[in-house]
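See structure below.
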Amino acid sequence: MLWWMWVLLWTVVVLAGAAFLGVLLYRVLTGHVLPALDDLERTATDFSQRWNAAVEGQPAPLRSPAPPAMFAPVNDTRAAYRRGRDQRQTARLIRRMQRKDAQGLPQRYGDLVRAEQKGLRHVRSSG
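Take a look at the structure:
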């Protein structure tokens, strides 16, 4: 091969590699970096608005902190946990039964037994 063919070949290889890296960099920037920057901008704007409202003395709509459980009686804490657990399980049971009704799927036998134990009556919704 002649020397100018080698120069031409390596020029094409280098240009193709640069084009590939350019396309890859463009996809990373538009797919990940710019949305992350937009999210950061929204968060910073929200933070600055809350900060300015707090400086002006307006109460921010934040949750009240939970009371410290360090000196709470163990039985009360355990009972509160069990009540919350039972409420979450019942809500999950109801959602699952409603979803299966909406999809026209048969109910799980265990769900029906649990619903009966909890005093819930399963009535299949027509639809």
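Position 19 (the sequence shown) corresponds to 20 in the working numbering; numbering is contiguous. C-beta: ideal position from N, C-alpha, C; glycine also.
- Per the Cβ contact rule, the stretch 73-90 is not in contact with the stretch 101-108 (fewer than 3 Cβ pairs under 8 Å).
- Arg93 carries a helical assignment under DSSP once its states are collapsed to helix, strand and coil.
- DSSP, read as helix, strand or coil, puts Lys119 in coil.
- Secondary structure note for Met2: it is in no alpha helix (DSSP H), with a DSSP letter that is neither H nor E.
- A straight-line Cα-Cα distance of about 59 Å links Gly23 and Arg115.
- Residue state for Leu10 is assigned as helix, using DSSP reduced to three classes.
- With fewer than 16 other CB atoms across the displayed protein chains lying within 10 angstroms of its CB, Met2 is exposed.
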